[in-house]
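Using full-length UniProt numbering, count along the sequence shown one by one with no gaps and you end on 137.
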Amino acid sequence: MSTSTKAEILSLYRGFLRIIENWPNDLLRPNRNLKQVLHLRVTEGFRQNIVVKDQNIYNDLVLHAEKELNALRRLEENEFKEKYPLSDKMYTPAANPKYYSGLVVALDKAAKQKQIDDSTPPSWWRRILGLGHYKEL
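What follows is the structure in structure tokens.
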């Protein structure tokens, strides 16, 4: 294993921050946002590991961080969505062909209107859980 320099570590840290900055906000769960979790995990992880003195452990941590950064980049670039596309049959199941398109519309509407209420599930939430009949949007 090679020894990681401070410049390489800083570059790795900045790579994480760039991806996190571009990560979309979750409008349905503004208080439980993956973007915030990623930021906290990265900043805390780098801060905690700055005190590691053993070069082998340090290099293993850097290698692990590089793998995690690569995984986030692959997600950000939709690599798997493009590599394994879903067929139209998957998006339009025979039992309810408009289910997924209606679900996307309902989720977008809920996000825009911030219809999140824990005491009474909004119509889009009832629809996801299959609670009762819903009318098409």
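Virtual Cβ for every residue (Gly too), placed ideally from N, Cα, C.
The Cβ atoms of residue 27 and residue 62 lie no closer than 8 Å to each other. By the Cβ neighbour-count rule, residue 37 is exposed, with fewer than 16 other Cβ atoms within 10 Å of its own. Remark: C-beta atoms of residue 20 and residue 42 approach each other more closely than 8 Å. One alpha carbon belongs to residue 57, the other to residue 45, and they sit about 14 Å apart. Counting only the Cα atoms, residue 22 lies some 23 Å from residue 84. For residue 19, the uninterrupted alpha helix (DSSP H) run begins and ends at 6-22, by DSSP. In this model, residue 17 and residue 82 are separated by some 24 Å (Cα to Cα). Around the beta-carbon of residue 71, fewer than 16 other beta-carbon atoms lie within 10 Å, marking it exposed.
Assignment of residue 52 by DSSP, reduced to helix, strand and coil, places it in the coil class.
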